[in-house]
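Asker:
Number of protein chains: 4
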Amino acid sequence: MRELNVAVIGCGYWGPNLIRNFAEHKLTTVKYVVDLIPERLQKLSRRYPSTKFISDYELVLNDPAVDAVVIATPVQTHYPLARKALLAGKHVLVEKPMCMNSAECLDLIALAAEHKLVLMVDHTFVYNGAVRRIKQAIEGGQLGEVLYFDSVRINLGLIQNDVNVIWDLAPHDLSIMDYLVGKEPTMVHASGVSLVAGKQEELAYLSLRFDDKFIANFHVSWLSPVKIRRILVGGTQKMVVYDDLEATEKIKIYDKGVMVSTEGTEEDKYKTLVEYRVGDMLAPAYDLAEALRVEVDHFADCIINGTKPLSSGEAGLRVVKILEAANASLLSGKPELISVNEHEAAVRA
Amino acid sequence: MRELNVAVIGCGYWGPNLIRNFAEHKLTTVKYVVDLIPERLQKLSRRYPSTKFISDYELVLNDPAVDAVVIATPVQTHYPLARKALLAGKHVLVEKPMCMNSAECLDLIALAAEHKLVLMVDHTFVYNGAVRRIKQAIEGGQLGEVLYFDSVRINLGLIQNDVNVIWDLAPHDLSIMDYLVGKEPTMVHASGVSLVAGKQEELAYLSLRFDDKFIANFHVSWLSPVKIRRILVGGTQKMVVYDDLEATEKIKIYDKGVMVSTEGTEEDKYKTLVEYRVGDMLAPAYDLAEALRVEVDHFADCIINGTKPLSSGEAGLRVVKILEAANASLLSGKPELISVNEHEAAVRA
Amino acid sequence: MRELNVAVIGCGYWGPNLIRNFAEHKLTTVKYVVDLIPERLQKLSRRYPSTKFISDYELVLNDPAVDAVVIATPVQTHYPLARKALLAGKHVLVEKPMCMNSAECLDLIALAAEHKLVLMVDHTFVYNGAVRRIKQAIEGGQLGEVLYFDSVRINLGLIQNDVNVIWDLAPHDLSIMDYLVGKEPTMVHASGVSLVAGKQEELAYLSLRFDDKFIANFHVSWLSPVKIRRILVGGTQKMVVYDDLEATEKIKIYDKGVMVSTEGTEEDKYKTLVEYRVGDMLAPAYDLAEALRVEVDHFADCIINGTKPLSSGEAGLRVVKILEAANASLLSGKPELISVNEHEAAVRA
Amino acid sequence: MRELNVAVIGCGYWGPNLIRNFAEHKLTTVKYVVDLIPERLQKLSRRYPSTKFISDYELVLNDPAVDAVVIATPVQTHYPLARKALLAGKHVLVEKPMCMNSAECLDLIALAAEHKLVLMVDHTFVYNGAVRRIKQAIEGGQLGEVLYFDSVRINLGLIQNDVNVIWDLAPHDLSIMDYLVGKEPTMVHASGVSLVAGKQEELAYLSLRFDDKFIANFHVSWLSPVKIRRILVGGTQKMVVYDDLEATEKIKIYDKGVMVSTEGTEEDKYKTLVEYRVGDMLAPAYDLAEALRVEVDHFADCIINGTKPLSSGEAGLRVVKILEAANASLLSGKPELISVNEHEAAVRA
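Which chain is which? The protein sequence lines are X, D, S and R, in order. Residues 470 to 818 in the numbering used here are what the first sequence spells out, letter by letter. Residues 470 to 818 in the numbering used here are what the second sequence spells out, letter by letter. Residues 470 to 818 in the numbering used here are what the third sequence spells out, letter by letter. Residues 470 to 818 in the numbering used here are what the fourth sequence spells out, letter by letter.
#1: Which residue's Cα is closest to the Cα of D525/S: I506/S, G802/S, K565/S, S519/S?
#2: Evaluate G481/R with the Cβ neighbour count: other Cβ atoms within 10 Å of its Cβ, from every protein chain shown; 16 or more gives buried, anything less gives exposed.
#3: Is there contact between the segment 701-710 of chain R and the segment 597-607 of chain R, where contact requires at least three CB pairs shorter than 8 Å?
#4: Please report how far the alpha carbon of L757/S lies from the alpha carbon of N597/S, in whole angstroms.
#5: Please say whether I478/S and T542/S have beta carbons closer to each other than 7 Å?
#6: So which of I523/R, A795/R, K682/R, E805/R has the shortest CA-CA distance to D637/R?
#7: Which value, in whole angstroms, describes the spacing of the CA atoms of L806/D and A797/X?
#8: Please determine if the segment 509-516 of chain R and the segment 530-539 of chain R are in contact, where contact requires at least 3 C-beta pairs separated by less than 8 Å.
#9: Enumerate, from N- to C-terminal direction, the unbroken beta strand (DSSP E) stretches of 3 or more residues contained entirely within the segment 629-663 of chain D.
#10: Below 8 Å on the Cβ atoms is my guess for Y617/D versus F683/D; work out the distance and round it to an integer in Å.
#11: Select from L692/S, V563/S, Y674/S, A752/S the residue whose C-alpha is nearest the C-alpha of T717/S.
#12: According to DSSP, is S514/R helix, strand or coil?
#13: Any idea if D630/S is buried or exposed, counting beta-carbon neighbours within 10 angstroms, 16 or more meaning buried?
#14: So P750/S contacts chain X; which residues on that side make the cut at Cβ distance below 7 Å?
#15: Around the C-beta of E836/R, are 16 or more other C-beta atoms found within 10 angstroms, so that it is buried, or is it exposed?
#16: Sorted by chain position, which residues of the same chain lie with C-beta nearer than 6 Å to Q611/X's C-beta, five sequence neighbours on each side aside?
#17: With which residues is N474/X paired in a DSSP beta bridge?
#18: Output the boundary residues of the alpha helix (DSSP H) element that contains Y482/D.
#19: Does P694/R come out as helix, strand or coil in the three-state DSSP assignment?
#20: Name the two residues that bound the continuous alpha helix (DSSP H) containing A673/D.
#21: Check whether the Cβ of P694/D lies closer than 7 Å to any Cβ atom in chain X.
#22: Could you tell me the boundaries of the beta strand (DSSP E) in which F522/R lies?
#23: Can you check which of these residues, D504/S, M569/S, S620/S, A492/S, is closest to I697/S by C-alpha distance?
#24: Pick out the complete alpha helix (DSSP H) segments inside the segment 711-785 of chain X, 4 residues or longer, and give them in chain order.
#25: Please list, in chain order, the chain R residues whose beta carbon lies closer than 9 Å to that of S660/S.
#26: Could you tell me the alpha carbon to alpha carbon distance between T776/R and L580/R, rounded to whole angstroms?
#27: Given a cut-off of 7 Å on the beta-carbon distance, is the pair L857/S and G661/S in contact?
#28: What residues from the segment 608-630 of chain S come within 9 Å of chain A, judged by C-beta to C-beta, listed N to C?
#29: Let me make sure I understand the geometry here. Which of I773/D, I628/D, V615/D, H688/D has the alpha-carbon closest to that of L643/D?
#30: Which residue's Cα is closest to the Cα of N686/D: S676/D, L692/D, D680/D?
#31: Below 6 Å CB to CB, which residues in the same chain sit around V634/R once its five sequence neighbours on both sides are set aside?
#32: What distance in whole Å lies between the Cβ atoms of E564/D and H547/D, which are believed to be in contact at a cut-off of 8 Å?
#33: D591/R: buried (16+ other C-beta within 10 angstroms of its C-beta) or exposed?
#34: Can L649/S be considered in contact with the ligand NAP, in the sense that its beta carbon sits closer than 6 Å to one or more heavy atoms?
#35: Name the chain X residues that come within less than 7 Å of R516/R, Cβ to Cβ?
#36: Excluding the 5 residues preceding and the 5 following F768/S in the sequence, name in chain order all residues of the same chain whose CB lies nearer than 6 Å to its CB.
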């Protein structure tokens with residue numbers, strides 16, 4: 470079959486990784502790279518002699534040979550750029566977070582459905598071998614019922630001007646949680662701090678509540694002296710630690726747990742029937758392929774077969790709804806509900 | 470000078486450590502150990518032949534030779550036992566958390582003041598060499614303005630029957646924060662999860678807000694597969710990591726920071742003037758003496774000189790007020806105010 | 470059955486641990502503790518009211534009620550003290566290293582055999598749960614053929630006056646290797662350094678060779694700024710890391726290896742047929758019982774049933790022969806043979 | 470001034486890094502890349518459009534515009550390739566180890582001196598910011614007298630066909646030791662093991678002795694389940710740990726030591742006068758520039774100014790002499806002398 474022609478919009482920090490992966494993939498060709506900053510284009514152009522490096526997005530939209538548009542620009546521009554691409558009949562892969570709010574996400578989802586186009590969000594971690602290995606453990610029932618999700622993603626810098634640390638860092642962990650646990654929160658509490666009055670939060674905590682007793686918490690920071698990227702997933706049977714900074718054993722599955730029996734006399738029930746189980750720890754091998762390569766595979770596959778991607782527009786929406794509620798909570802100082810709005814209800818129906 | 474006669478009430482988990490330290494101290498003698506469980510008394514009695522191991526607290530209260538009572542019983546009993554001791558004219562050292570609520574704390578504070586007795590709470594960590602070394606760095610201005618306090622104290626077990634994990638573990642970290650930062654929060658948000666419906670939370674998060682932009686967050690758990698005891702204190706100049714599980718270098722002071730200048734043109738101000746400073750890291754030596762020995766020293770010293778202890782009843786009250794608000798927040802699902810009640814205002818006045 | 474009466478000789482650094490374990494064991498009673506330093510005896514006597522604390526070893530030898538003597542004195546005195554005990558008809562447990570040279574070891578082995586007494590060396594680590602778990606993996610064939618043993622046991626101090634760091638620290642690792650691998654070296658090379666001219670080495674390396682290609686190396690030091698206690702055991706199938714300083718996961722079994730096939734054309738044989746296998750890592754649970762308690766169990770069991778202990782006099786001899794050759798190598802600067810002397814040949818025959 | 474024209478010979482594993490650094494340097498241009506394998510040339514040629522990718526080394530030698538030749542081929546070819554380059558009047562940077570034996574090294578040194586050309590060995594680590602920071606601490610006298618050097622560089626693979634693990638890995642550590650300590654060993658003992666009979670050692674230990682009591686030891690392996698790259702440098706005042714796998718704090722300087730006083734009475738002298746000093750640990754910041762970039766800077770500077778490089782032919786020779794003796798020791802099973810041969814004496818004179 471013929472190769473898919475792709476245009477990558479934005480070649481700042483993340484764009485070059487997308488370009489490299491689309492360029493090296495056997496099913497895809499990077500026909501255009503678009504950016505408004507000439508130096509960026511110039512720097513990359515020597516490496517990809519058969520790609521056109523341009524500043525005019527319209528050329529991409531008007532070229533019928535372009536199958537898909539990959540958007541790696543600042544989040545404020547995701548919606549207008551993606552909208553135009555869908556209206557021009559192009560499949561879309563868009564950076565996370567998907568849009569600035571859920572209304573924008575819903576509109577893109579509806580457009581993609583209407584035009585039968587693939588709309589995918591670059592939730593890179595759901596294509597990561599270690600994360601997929603954890604998913605396998607959860608789906609295989611090894612963890613039992615999942616009780617909690619705890620994530621810490623902290624480091625010094627890089628402070629951003631346009632979004633707060635939640636919008637910058639939490640989408641990684643929210644998309645991992647969404648993929649692994651498959652539950653949608655009903656309420657979000659956020660708190661944070663900013664060095665500069667009136668500016669974006671540089672350190673923040675998210676606390677998510679759900680319909681059942683499951684809880685998820687997130688610590689994100691640009692102001693930590695040490696770098697930590699660690700997720701705990703606790704189940705009734707086993708518990709997982711995912712440390713993304715480990716060179717090799719990123720996943721550790723602990724055969725540890727607390728067993729609470731409901732038998733026993735009334736008065737001593739709880740105290741005497743709590744038992745700790747400390748068994749083996751397994752650090753399983755996992756697929757070491759670059760997540761972005763797996764993701765490009767999947768995007769091409771979805772386009773060719775007309776299937777819905779794992780990190781669909783709906784997944785992007787679920788993450789944006791949490792981010793929206795988090796911002797609301799930062800303002801109000803209270804937990805904020807994640808409501809299902811009418812438009813969304815319509816889309817879901 | 471003559472030795473101080475001490476009675477230790479409760480010799481379960483922590484009591485034996487108190488007994489050992491009071492017995493080995495040159496200024497104190499353990500005259501009585503009181504417990505309702507005969508096996509506990511019997512087990513310890515051979516080691517301390519000159520101490521009386523009894524089950525009747527009244528004997529202690531009625532013995533004029535007893536100078537001080539040390540209370541290491543379940544938290545529900547702290548108030549009645551401490552109250553009786555103060556009324557009998559004994560100085561009191563009480564386990565943390567000090568009482569079940571702030572009203573009880575206030576009553577004990579008032580009683581101690583009235584009878585000119587020492588009332589001290591066993592906030593052991595404020596006598597720990599590593600914590601005192603951090604205090605020295607903060608007081609010396611090395612950290613600059615303190616921006617945030619982040620604490621993680623998680624492990625598998627030991628699940629308690631009578632209090633939730635916040636009341637069990639957070640007093641350690643709350644007393645460290647109270648000592649190091651010297652600020653009182655105005656609002657508390659807590660969320661948590663319990664394996665057993667209707668039972669105490671075994672995993673919880675606390676988020677504290679203050680009058681200024683400083684924030685403090687706490688993660689406590691009996692349900693973690695890995696043991697972590699780590700505190701981050703971030704300042705505008707330097708940042709500290711205190712890892713209590715490190716064998717030797719428990720404190721690391723990072724000469725790292727973010728500098729945001731307010732100069733510059735309006736539009737590029739923020740982006741261009743953020744600078745990262747990455748300098749040396751220092752792991753300073755600190756006093757390795759057992760914290761409890763330092764604390765016994767201090768208690769004896771306060772009794773002899775009639776001075777107020779570092780971990781005074783007021784410090785105990787400040788911690789209990791946060792715990793109280795945390796429990797209220799767990800119930801309401803919202804942040805709860807820490808109010809200054811009338812009685813307390815009176816005590817403070 | 471009746472309890473075994475034990476006398477512990479020497480209550481300096483390690484003796485109190487032996488006393489505690491023999492005192493707490495259901496099958497043994499500590500009838501005597503012998504030491505020449507009155508302060509040591511006095512310090513312990515309050516804790517063990519039914520034990521006699523004395524300075525005259527002859528009283529022990531002459532008391533027919535004493536079944537066994539446990540020797541925890543400086544190594545120079547092991548031989549004379551153990552010899553007297555065996556001649557007096559007492560079973561013997563002696564600290565490591567067993568004696569100052571192999572001739573002394575051989576004499577004790579012969580005496581014990583002649584009088585049908587148990588002679589056991591306190592190679593504590595062979596009773597350690599983690600070490601036994603590794604043994605199980607090796608015996609189960611999981612590691613394949615064992616290729617190498619690498620040990621690092623370094624720290625700052627405690628510098629000893631009477632023996633060099635090899636005699637102080639290496640017996641731990643040599644006894645572990647002897648137990649796990651069951652091979653005797655044929656040659657030893659040692660090198661070391663001493664801060665003080667003419668004094669004992671404080672830092673040393675041992676390199677052991679065997680009849681086959683298996684090799685074992687040891688790094689011991691009192692002069693390291695960091696504490697490391699780590700053993701690697703490499704097999705053709707799996708490889709083990711044993712880190713004694715890990716709080717919980719002390720053993721890690723790596724399903725990693727190099728496969729070299731002997732097929733292929735002559736010229737490309739080696740290069741193309743090396744394959745790396747990187748599979749799961751398992752940190753197995755193991756028995757957490759105190760090694761010394763297991764060892765006391767075993768000593769009592771050997772006495773009662775007349776069986777040979779795991780850490781027999783012969784095991785003690787094998788370790789001392791390596792230490793002897795190491796000292797010879799330090800002097801000569803060359804590898805030294807471990808020879809089978811006539812006396813030993815006789816004992817073995 | 471005009472740019473230096475460079476030819477890089479060999480673009481296998483390390484060559485591309487050299488090409489990138491010479492291509493990006495403002496003072497140098499990569500005029501030729503030479504390799505016998507067409508695929509390698511083709512793969513790189515698109516990235517460097519102005520460089521000639523060829524297979525004929527003679528073209529380089531005959532081009533008077535070429536100033537310097539950079540040799541990154543298998544070690545067996547270093548000597549003939551470098552010799553030809555020097556005879557053709559080109560400056561030479563050659564991969565480590567410099568040659569197959571010291572006679573070859575001496576010949577190249579003599580040739581370079583005769584033709585007044587720069588001869589430099591790619592001892593990359595001596596241009597590494599962390600290593601240079603340690604050098605600064607040693608030269609500043611902070612460590613006191615340097616007592617020992619201990620190095621561990623182990624990992625799984627990549628097994629080489631043409632040289633043993635000592636020749637492959639130890640040059641890194643030997644060149645670091647040579648640079649930091651500035652002492653030449655007098656004797657080398659090596660032991661090792663090979664999975665395949667008659668093949669190269671895949672795991673080995675080196676033990677170096679010097680004129681004074683300083684000692685240096687090296688553990689290198691392709692057969693370890695865990696990756697370790699750690700050097701300890703112990704001094705009488707302070708001790709350094711250099712862990713190359715740490716993401717940020719690679720150097721730790723411990724204010725730890727042992728003090729042995731020579732005063733005191735004769736009998737108690739040693740025991741009572743050993744004192745341990747445990748002070749602060751400092752992880753100093755260091756230059757994060759890529760070592761290879763610093764090295765290219767230095768090479769260009771030496772050519773322009775006619776100065777001798779830090780990693781000169783003589784430094785390369787010192788490392789090769791140790792490797793030579795190590796191979797001899799592997800064969801003989803004994804420590805081998807490092808002798809100063811006549812040729813070398815002549816060169817030195």
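Cβ atoms here follow ideal geometry from the backbone N, Cα and C, with glycine treated the same way.
Answerer: Let's see:
#1: Here residue 525/S is taken as the residue at index 56 of the third sequence, counted from 1. Nearest option by C-alpha distance: I506/S.
#2: Against the fourth sequence, residue 481/R aligns to sequence position 12. Exposed, since its Cβ has fewer than 16 Cβ neighbours within 10 Å.
#3: The answer is yes - the segment 597-607 of chain R touches the segment 701-710 of chain R, with three or more Cβ pairs under 8 Å.
#4: Within the third sequence, the letter at position 288 stands for residue 757/S. Within the third sequence, the letter at position 128 stands for residue 597/S. Going from the Cα of L757/S to the Cα of N597/S covers about 8 Å.
#5: For this step, residue 542/S is matched to residue 73 along the third sequence. For this step, residue 478/S is matched to residue 9 along the third sequence. Yes.
#6: Start at 1 with the first residue of the fourth sequence, and residue 637/R comes out as number 168. Of the candidates I523/R, A795/R, K682/R, E805/R, the one whose C-alpha sits nearest the C-alpha of D637/R is A795/R.
#7: If you number the second sequence from 1, residue 806/D lands on position 337. If you number the first sequence from 1, residue 797/X lands on position 328. Taking the straight line joining both Cα atoms gives about 20 Å.
#8: At 8 Å Cβ cutoff, the stretches do not touch.
#9: For secondary structure counted as the beta strand (DSSP E) over 3 or more consecutive residues, the segment 629-663 of chain D holds these complete runs in sequence order: 656-662.
#10: Looking up residue 617/D in the second sequence gives position 148. Looking up residue 683/D in the second sequence gives position 214. The beta carbons of Y617/D and F683/D sit about 7 Å from each other, so the pair counts as a contact at 8 Å.
#11: One-based indexing of the third sequence puts residue 717/S at position 248. Put simply, of L692/S, V563/S, Y674/S, A752/S the residue whose alpha carbon is nearest the alpha carbon of T717/S is A752/S.
#12: Numbered from its first residue, the fourth sequence carries residue 514/R at position 45. Collapsing the DSSP output to three states places S514/R in a helix.
#13: Taking the first residue of the third sequence as 1, we reach residue 630/S at position 161. Looking at the sequence shown, residue 630/S is not Asp but Asn. Answer is exposed; the Cβ neighbour count stays below 16.
#14: Taking the third sequence and counting its residues from 1, one reaches residue 750/S at position 281. The question names Pro, yet the displayed sequence has Met at residue 750/S. Under the 7 Å cutoff, chain X gives E718, A752.
#15: Past the edges of chain R, shown from 470 to 818, lies residue 836/R, and the structure says nothing about it.
#16: Looking up residue 611/X in the first sequence gives position 142. The answer, listed in chain order, is K707.
#17: Taking the first sequence and counting its residues from 1, one reaches residue 474/X at position 5. Beta bridge pairing from DSSP links N474/X with T498/X.
#18: For this step, residue 482/D is matched to residue 13 along the second sequence. DSSP places Y482/D in no alpha helix (DSSP H); its state is neither H nor E.
#19: The sequence position of residue 694/R within the fourth sequence is 225, counting from 1. Correct three-state label for P694/R: strand.
#20: The count along the second sequence starts at 1 and reaches residue 673/D at position 204. First-last for A673/D: 672-678, but that is the beta strand (DSSP E), not the alpha helix (DSSP H).
#21: As a working mapping, residue 694/D is identified with position 225 in the second sequence. Interface residue, yes.
#22: Looking up residue 522/R in the fourth sequence gives position 53. Segment 521-523, the beta strand (DSSP E) holding F522/R.
#23: Residue 697/S sits at position 228 when you count from the first residue of the third sequence. Measuring from the Cα of I697/S, the nearest candidate turns out to be S620/S.
#24: 738-741, 760-774, all fully within the segment 711-785 of chain X.
#25: Along the third sequence, read from residue 1 onward, the residue named residue 660/S stands at position 191. Within 9 Å Cβ-Cβ: H658, S676, L677, R678, I684, N686, P804.
#26: Taking the fourth sequence and counting its residues from 1, one reaches residue 776/R at position 307. Taking the fourth sequence and counting its residues from 1, one reaches residue 580/R at position 111. Spanning the two alpha carbons is a distance of roughly 16 Å.
#27: This structure cannot speak to residue 857/S, because chain S is shown only from 470 to 818.
#28: Annotation note: the requested chain A is absent from the structure, which comprises protein chains X, D, S and R.
#29: Here the question's residue 643/D lines up with position 174 in the second sequence. Checking every option, the nearest Cα to that of L643/D belongs to H688/D.
#30: Sequence index remark: in the second sequence, residue 686/D carries index 217 (1-based). For N686/D, the closest of S676/D, L692/D, D680/D by C-alpha to C-alpha distance is S676/D.
#31: For the purposes of this step, residue 634/R is taken as the residue at position 165 of the fourth sequence. Closer than 6 Å at the Cβ level, and outside the excluded window around V634/R, lie E670, E671, A673, V689, W691.
#32: Residue numbering aside, residue 547/D sits at position 78 when the second sequence is read from its first letter. Residue numbering aside, residue 564/D sits at position 95 when the second sequence is read from its first letter. Indeed they touch by this definition, with Cβ atoms about 7 Å apart.
#33: Within the fourth sequence, residue 591/R is the residue found at index 122, counting from 1. With 16 or more other Cβ atoms inside 10 Å of its own Cβ, D591/R counts as buried.
#34: The ligand NAP is absent from the structure shown, which contains no ligands of any kind.
#35: Numbered from 1 along the fourth sequence, position 47 holds the residue referred to as residue 516/R. Within chain X, the residues near R516/R are R516.
#36: If you number the third sequence from 1, residue 768/S lands on position 299. Closer than 6 Å at Cβ, skipping near neighbours: L562, M589.
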